[in-house]
Amino acid sequence: MLIKGSHILDIATGSYTLQDIRIEAGLFSEMGALRSRVGEQVINGDGLYMIPGLMDCHCHISANYASLFLAAGITTVRNTAGNHLLLSSIREAEAHEAVPRLITADRMIDGTPGSWGETSHGSLSTDDLEEAKEEVKRQVETGVDFIKVYSKITEEMLKEVIKESKRNHLDVSADLLGADSLDAKVAVEAGVRFLEHNSGIMQMLHPGWHMNASDDLYEPVLQPPNEEEIARVLQPLLARDTILVPTMELFKQAADYPNHRVSDRFISPSLLQVWEQTTPHVSSWRFQAIFTYTKAITRVYHQLGGTVLAGTDSPAIIFTNPGASLHRELMLLTQSGLSPYEALKSATIVPARVLNRPDLGEIKRGNHADFVLLKEDPLKHIENVSKIAIIGKGGQCYSQAELFAQAESDEKIHIDEQEFMSRWQQHLDLGMYDRLCEKYWIGTLDE
Ligand SMILES: [Zn+2]
682 MLIKGSHILD
692 IATGSYTLQD
702 IRIEAGLFSE
712 MGALRSRVGE
722 QVINGDGLYM
732 IPGLMDCHCH
742 ISANYASLFL
752 AAGITTVRNT
762 AGNHLLLSSI
772 REAEAHEAVP
782 RLITADRMID
792 GTPGSWGETS
802 HGSLSTDDLE
812 EAKEEVKRQV
822 ETGVDFIKVY
832 SKITEEMLKE
842 VIKESKRNHL
852 DVSADLLGAD
862 SLDAKVAVEA
872 GVRFLEHNSG
882 IMQMLHPGWH
892 MNASDDLYEP
902 VLQPPNEEEI
912 ARVLQPLLAR
922 DTILVPTMEL
932 FKQAADYPNH
942 RVSDRFISPS
952 LLQVWEQTTP
962 HVSSWRFQAI
972 FTYTKAITRV
982 YHQLGGTVLA
992 GTDSPAIIFT
1002 NPGASLHREL
1012 MLLTQSGLSP
1022 YEALKSATIV
1032 PARVLNRPDL
1042 GEIKRGNHAD
1052 FVLLKEDPLK
1062 HIENVSKIAI
1072 IGKGGQCYSQ
1082 AELFAQAESD
1092 EKIHIDEQEF
1102 MSRWQQHLDL
1112 GMYDRLCEKY
1122 WIGTLDE
């Protein structure tokens, strides 16, 4: 395939060159002034801006709405927890298929009482160090890319989980929003590399506060954040190159309810239903306080040279539409002191480097041909990332219209929850919980 005459962004330098680009076997193969070959598919890129495919660095994907991410130009997702079993169709998809590439954790490892209830297919809630360690081993065998821990984990268990993860060369990511015994400093000193939602930092600023704290503990966080104080508490994170994934869009949508934004071109009807059921439980003023802090922490960390990744937590809480919410997160990043270029990097080359995926995040020879052709320049206005002409993944080109149509039909595929739960139960009953690779037992149970 040959794409003629687009402005191709070198994301490493922030400069465009007007040239042609050839894609072969799913990879970028040649750039320059190129002639088309006999029988070669040619795309006219005249007046278009080619950027690397985007990455949503914190989300929870499902086969039901996977194509919506791609429709927004997201060619890779970092899936921060969710049962590996439910992801098999995405994990096993061919490079050119209409779903994003997957970098994923399995169910989260939590202490007791579990933030999401008792142990289930989605989370392990335990006080037993040995059980937590065995869970890491089980997840390693299923082929996870990193380990996710949750708010109720104790420092002792966290250290055990990190030790086992490091032995297997896996990073540990933490969500500490609801933590009442840990904060970000303790977590990063123990070896946590990623802090999802900038979490654990508010606890350093206001000891005693956590997301589910009583209203009176929210009093101090209703005051404007003190950026000098934030800079002080961020020092141990900076010293360790901790990576922050703010997910401001998550908090913003909840804070703005009922004036949240739902003007996306396609919204998943089944997610809309879930969100509508959630809205009575959303306490906007609490999310407003968390949003204000998350934004201030992002601004200061970025100013101090810390690494920030673009993620959304889609489809969590309310109206975090898969795909479109990343465009809003990029806007929020520019409102937090990043330039449009820096915001774009936080969804492309920076995660590719941090996640050790040099084959992604950059338009260069030998990389996967994942890209977006935009009608206007996103370095001028970051909002232009949503003006999509063509999406390319693994060398296959898609229009937004066809991906929205696919999303509509995928709505009908919904995963049969009862069927899934009975399989999970058999998995537990057969004592295969600990050490068995998922592929094996799915095969067994399918027979
Ligand atoms: Zn999440």
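Per the working numbering, residue 682 is the first one in the sequence shown, and the count goes up by one each step.
The beta carbon of each residue, even a glycine, is placed where N, CA and C say it ideally should be.
Bear in mind that the values here come from a model prediction, so they are computed numbers and not experimental data.
Are Ser796 and Gly726 closer than 8 Å when you measure CB to CB?
no
Cβ neighbour criterion (16 or more within 10 Å) applied to Gly792
Classification for Gly792: buried.
Which parts of the stretch 794-874 are runs of the beta strand (DSSP E), unbroken and 3 residues or longer, counting only runs that do not cross its ends?
804-806, 827-830, 852-855
With a threshold of 8 Å, are at least 3 pairs of Cβ atoms found where one atom belongs to the stretch 946-963 and the other to the stretch 1013-1028?
no
Taking the Cβ atom as the reference point for each residue, do Phe1052 and Pro781 lie within a distance shorter than 8 Å?
At least 8 Å separates the beta-carbon of Phe1052 from that of Pro781.
Assuming Pro1134 is part of the beta strand (DSSP E), what are its boundary residues?
Outside the modelled stretch of the chain, which goes from 682 to 1128, sits residue 1134, for which no answer is possible.
Based on Cα-Cα distance, which residue from Gln700, Met789, Ala747 lies nearest to Pro1003?
Ala747
With DSSP as the reference, please indicate the residues paired to Tyr938 in a beta bridge.
Paired residue(s): none; Tyr938 is not in a bridge.
Which residue wins for smallest C-alpha separation from Cys740, given the options Leu851, Lys829, Ala1070?
It is Lys829 whose Cα lies nearest to the Cα of Cys740.
Rounded to a whole number of angstroms, what is the C-alpha to C-alpha distance between Thr960 and Pro1039?
40 Å
Alpha carbons only, please: which of Gly1073, Leu903, Thr988 is nearest the one belonging to Pro1032?
Thr988
Cβ of His741 within 7 Å of any heavy atom in ligand 1?
yes
Bridge partners - Cys740, DSSP secondary structure assignment:
In the DSSP output, where bridge partners are listed per residue, Cys740 has Asn760, Ser995.
Smallest Cα separation from Thr694: which of Lys1045, Ser710, Phe968?
Lys1045
Closer than 5 Å: residues whose CB approaches a heavy atom of ligand 1:
Thr761, Asp994
How far does the beta strand (DSSP E) with Ser1137 in it extend, from its first residue to its last?
Since the displayed the chain opens at 682 and closes at 1128, residue 1137 lies outside it and no answer follows.
Cα-Cα, which of Ser696, Ala706, Ser743, Gly728 is closest to Ala997?
Ser743
Close-in-space but distant-in-sequence residues of the same chain around Lys847 (CB under 6 Å, 5 per side omitted):
none
To which residues does DSSP link Thr988 through a beta bridge?
DSSP, once it has assigned bridges, lists Ile924 as partnering Thr988.
Using the beta-carbon count (16 or more within 10 Å), is Gln884 buried or exposed?
buried
Start-to-end residues for the beta strand (DSSP E) that takes in Asp791
789-791
According to DSSP, Thr979 sits in a beta bridge with which residue or residues?
In DSSP, Thr979 forms no bridge with anything.
Where does Lys1026 fall in DSSP's three states?
Secondary structure of Lys1026 (DSSP, three-state): helix.
Provide the residue span of the beta strand (DSSP E) that contains Ser687, from first to last.
683-691
Minimum C-alpha distance to Gly1047 - residue among Leu699, Ala865, Ala706:
Ala706
Spatial distance of Glu910 from Gly881 (CA atoms):
15 Å
Quick check: what's the CA-CA separation for Thr800 versus Arg716?
59 Å
Between the C-alpha atoms of Ile704 and Tyr1079, what's the straight-line distance to the nearest angstrom?
15 Å
Nearest residue (CA-CA) to Leu683, options Thr698, Glu711, Ser696:
It is Glu711.
With the cut-off set at 8 Å, would you say Leu810 and Glu836 are in Cβ contact?
no
Following the continuous beta strand (DSSP E) through Arg1038, name the residue where it begins and the one where it ends.
Careful: Arg1038 lies outside any beta strand (DSSP E) and carries neither H nor E.
Can you tell me which of the three DSSP states Asn725 falls into?
strand
Cross-strand partners of Gly1073 (DSSP beta bridge):
Phe1052, Cys1078
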